[in-house]
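Here is the structure we will look at, set down as structure tokens.
Residue numbers (the working numbering): 5 to 149.
Quick look at the structure:
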């Protein structure tokens with residue numbers, strides 16, 4: 005596959021900045037109503053490496069608002085469904101899927117598992133959200149929410 009699908013992004017940002025995107029590794033934790041959309045848009049922008057984390061499964065009540073939620077995906081892990089979608093957008097994407105709830109010691113293990121350039125917090129529970137933000141800041145990873 006050629007990178008012609010990114011030609012509009014290159015026109016907008018320029019070749020140098022597109023290369024920075026291709027080299028970047030983004031962490032997205034929480035793949036529900038915010039995280040899945042964020043992950044998809046980041047991949048569509050041209051990011052070359054991504055780690056996505058969530059242990060939840062698609063529930064029928066998610067269908068009204070979540071990208072991964074379809075009648076055909078109910079009961080499947082959100083991380084798995086999103087991974088298929090992201091790889092279909094960019095087959096050369098280096099994608100790491102973490103099918104776990106990120107809380108307590110898992111936060112440090114995840115943040116230390118790779119060199120992340122940016123972390124997207126889309127967690128809907130306060131204590132893991134705080135742990136991710138503080139852990140990212142401690143490591144110099146810019147957090148986004």
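Virtual Cβ for every residue (Gly too), placed ideally from N, Cα, C.
Query: Go ahead and pull the three-state DSSP assignment for residue 112.; Result: helix
Query: Helix, strand or coil for residue 41 per DSSP?; Result: helix
Query: Residue 27 and residue 52 look like a contact to me (Cβ under 8 Å); what is the Cβ gap, rounded to whole Å?; Result: 6 Å
Query: Per DSSP, what kind of secondary structure is residue 47 in: helix, strand or coil?; Result: helix
Query: What does the alpha-carbon distance come out to for the pair residue 99 and residue 85?; Result: 13 Å
Query: Just confirm the distance between the C-beta atoms of residue 34 and residue 145, as a whole number of angstroms; I'd bet it's less than 8 Å.; Result: Not confirmed; about 16 Å, so no contact.
Query: Just confirm the distance between the C-beta atoms of residue 90 and residue 44, as a whole number of angstroms; I'd bet it's less than 8 Å.; Result: 7 Å
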